[in-house]
Amino acid sequence: MKVLMVGATGADAGAVLPELVERGAHVRALVRDERRAEDALARGAAETALGDLNDPASLRAALALTGDRLSYGTFELCAPGMVDRVEMAAIASEEPGRPVHAEVTPLEEWAARMPEGPERDGLVRMMRHYDTHGFPGGNSLVLSAVLGREPRTLRGCFRELAQAS
Ligand SMILES: NC(=O)c1ccc[n+]([C@@H]2O[C@H](COP(=O)([O-])OP(=O)(O)OC[C@H]3O[C@@H](n4cnc5c(N)ncnc54)[C@H](OP(=O)(O)O)[C@@H]3O)[C@@H](O)[C@H]2O)c1
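Everything in the sequence shown is counted per our numbering, starting at 1 for the first residue and increasing by one.
In C-alpha cells form, the structure reads like this:
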C-alpha cells in the first residue's frame, strides 16, 4: 500500500516510518523543505513530496495515487483501557520485573524548571487536563479500524519491550 506520511522527519513521528516500511508500506514522506527530504529517505521513505499542512493545495498533489482508505482522516490512536500514572508504573514494573514508582511532582514546581514560553504554557495546560480528566484514550475503536485488528494493550507493549531488551 502507498501511504503519505506526515511528520516523517519528526523526533517521535519519524520512528513510525521504519515500522511502516517493515510492514510492507511504500511510504511517500511529506516534507516542507527539500533539505529535509534526505532525512525522510534515510528513515526508509521510498519517495518524498513537498507540501505543507497550512497549504491545502500542496496536499492534494502529495496525496495523489496513495491508498484512499485513510485519506483526509484525523485519528486519535488509543490502546484499550484507561490507566493513571500509578497503574502505568505498576504495569511497567510487573512486566520487566524491575520496580518503577510513580511520584507526584507539583505542576508549578515542574514548570519552574522549564524556560518560559509557549512550549511551557502548552505543556502546563496539557498536564492540567490530565490531572482533571486522566490520560486520554481508553477506546480502541479507531485504532482497530485503522489496523484491521485489535491493537496491543499497554501491558502487551511493556511485555514485548521487556522481552526484546
Ligand atoms: N500522544 C502522545 O503521547 C505524543 C507523544 C509524542 C508526540 N506526540 C505528537 O506527535 C506529533 C509529532 O511529534 P514529534 O515529536 O515527531 O514532533 P517534531 O519532532 O516537532 O516533528 C514535527 C513533524 O511535523 C512536521 N510538520 C510540522 N509542521 C508541519 C506542516 N505545517 N506541514 C507539514 N509537516 C509539518 C515537521 O516537519 P519539518 O521536518 O519540516 O519540521 C516534522 O516532521 C506532535 O503533534 C506531538 O505533539 C504525541
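Virtual Cβ for every residue (Gly too), placed ideally from N, Cα, C. Please read all numbers here as calculations on a predicted model, not as lab measurements.
One or two residues paired with M5 in a DSSP bridge = As computed with DSSP, M5 is found in a beta bridge with A29.
query = Under three-state DSSP, which class holds P18?
reply = helix
Local conformation of A49 per DSSP, three classes = strand
message = For R152 and M88, what's the separation of their Cα atoms in angstroms?
response = Cα to Cα, the separation comes out at about 15 Å.
ask   = Out of G137, A164 and E160, which has the shortest C-alpha to C-alpha gap to A79?
value = G137
task = Just mark L65 as buried or exposed, buried being the case when its beta carbon has 16 or more other beta carbons within 10 Å.
result = L65 should be labelled exposed.
inquiry  = Let me make sure I understand the geometry here. Which of A46, L107, S58 and A25 has the alpha-carbon closest to that of L147?
reply    = A25
Where the alpha helix (DSSP H) through T132 begins and ends = P118 to H133
message = Buried or exposed, going by whether 16 or more other CB atoms sit within 10 Å of the CB of E34?
response = exposed
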